[in-house]
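Asks: So in my numbering, the last spot in the sequence shown is 210, and the numbers never skip. Glycine included, each C-beta is placed from N, C-alpha and C at the ideal position. Treat the numbers as computed from the prediction; the structure is a model and nothing was measured.
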Amino acid sequence: ERLAHVADSRQVIVATAADWSTSYAQLQAWQRGEDGRWRRVMDPVPARLGWNGFAPEASRLQGSGETPAGTFRLLRGFGLVEPRGVGLDYRLLDTNDWWPYDPKDKQTYNVFQFRRTGDSRWRPSWAEDLDSYTRQYRYAVVLDYNLPSGIHRVDGQRVAREPADISKGGGIFLHVWDDGPTAGCVAVSRAHMRWLLRWPGG
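Here it is as structure tokens:
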């Protein structure tokens, strides 16, 4: 009954923490059966949040070190290793892949870039060079937090017709845990990420 707000979803991943300020959490997975009842298919496992814990989605800001609290779709995966049997769209990273958050280039803010061109206005110092995160982004999934819409190409870059809110931050992923807290993502072990990506029907 506590999952009533997820509408007609049949699979849900839930991250919970003891209080708002901790970076330590637990993650579990639930599946709704044909009878409409939810059954847990992954018992609670250790997870990490942003270094400042959770913040309500409406008040979360860029650079806060907080993980947005809310309900988000898991859209697509990416990573340095392609797991077999992955159940959602998945991009194998290469050396050209970036994720910028440059407030001076609103149209590419929080837009996955498959390469940086000579016409790019976003600054590399305000972007994640994705393949450099050799542990965290071995496997990752994009959460539908503050994402822009109407993505199209201009001068070789992916830009948004409806940009994201540059104050809210972005690049909120579910990814592999790298020992410490995250900058706002949710992280679990490599084995649990691999299981989630291969979750039947996921």
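Starting from Arg206, trace the beta strand (DSSP E) both ways and give me its first and last residue.
Replies: Working through the sequence shown from its first residue, we reach residue 206 at position 198. Unbroken run through Arg206 is the alpha helix (DSSP H), 198-206; no beta strand (DSSP E).
Asks: Which residues share a DSSP beta bridge with Gln121?
Replies: Here the question's residue 121 lines up with position 113 in the sequence shown. Looking at the DSSP output, Gln121 shares a beta bridge with Trp106.
Asks: In this structure, how does DSSP classify Glu90 when only helix, strand and coil are distinguished?
Replies: The count along the sequence shown starts at 1 and reaches residue 90 at position 82. Looking at Glu90 - three-state DSSP - the assignment turns out to be coil, as it is neither helix nor strand.
Asks: Among residues of its own chain, excluding the 5 on either side of Thr79, which ones have a beta-carbon nearer than 7 angstroms to its beta-carbon?
Replies: For the purposes of this step, residue 79 is taken as the residue at position 71 of the sequence shown. Once the five neighbours on either side are set aside, the close Cβ partners of Thr79 are His13, Val14.
Asks: Nearest by alpha-carbon distance to Gln39: which of Arg18, Ser31, Arg56, Thr30 is it?
Replies: The count along the sequence shown starts at 1 and reaches residue 39 at position 31. Checked all of Arg18, Ser31, Arg56, Thr30; the closest Cα to Gln39 is Arg18.
Asks: Roughly how many angstroms separate the alpha carbons of Asn154 and Asp43, rounded to a whole number?
Replies: Within the sequence shown, the letter at position 146 stands for residue 154. Within the sequence shown, the letter at position 35 stands for residue 43. Distance between the alpha carbons of Asn154 and Asp43: 34 angstroms.
Asks: Apart from the five residues just before and just after Met201, which ones in its own chain have a Cβ nearer than 6 angstroms to its Cβ?
Replies: Working through the sequence shown from its first residue, we reach residue 201 at position 193. Taken in chain order, the residues that qualify are Tyr147, Val184.
Asks: If you follow the beta strand (DSSP E) that Pro171 is in, where does it begin and where does it stop?
Replies: Along the sequence shown, read from residue 1 onward, the residue named residue 171 stands at position 163. Element bounds for Pro171: n/a, residue is neither H nor E.
Asks: Nearest to Gly178 by CA position, among Arg169, Pro189, Lys114, is which residue?
Replies: Start at 1 with the first residue of the sequence shown, and residue 178 comes out as number 170. Among Arg169, Pro189, Lys114, the Cα nearest to that of Gly178 is on Lys114.
Asks: Can we say the segment 187-203 touches the segment 102-116, given the rule of at least three CB pairs closer than 8 angstroms?
Replies: no
Asks: Let me know if Tyr32 comes out buried or exposed under the rule of 16 or more other beta-carbons within 10 Å of its beta-carbon.
Replies: To locate residue 32, count along the sequence shown from 1; it is residue 24. Exposed, by the Cβ-count rule.
Asks: Hey, quick one: how far does the beta strand (DSSP E) through His160 stretch, first residue to last?
Replies: Position 152 of the sequence shown, counting from 1, holds the residue named residue 160. Start and end: 157-162.
Asks: Output the residue ranges of the beta strand (DSSP E) runs that lie fully inside the segment 37-85 and measure 3 residues or longer, sorted by chain position.
Replies: 46-56, 62-64, 75-77
Asks: Taking only the alpha-carbon atoms, compute the straight-line gap between Ala55 and Gly126 and give it to the nearest angstrom.
Replies: As a working mapping, residue 55 is identified with position 47 in the sequence shown. As a working mapping, residue 126 is identified with position 118 in the sequence shown. So the two alpha carbons sit approximately 39 angstroms from each other.
Asks: Beta strand (DSSP E) containing Gln19: first to last residue?
Replies: Numbered from 1 along the sequence shown, position 11 holds the residue referred to as residue 19. That run of the beta strand (DSSP E) goes 19-24.
Asks: Can you give me the start and stop residues for the beta strand (DSSP E) that Arg131 sits inside?
Replies: The residue you call residue 131 lines up with position 123 of the sequence shown. From DSSP, Arg131 is part of no beta strand (DSSP E); its letter is neither H nor E.
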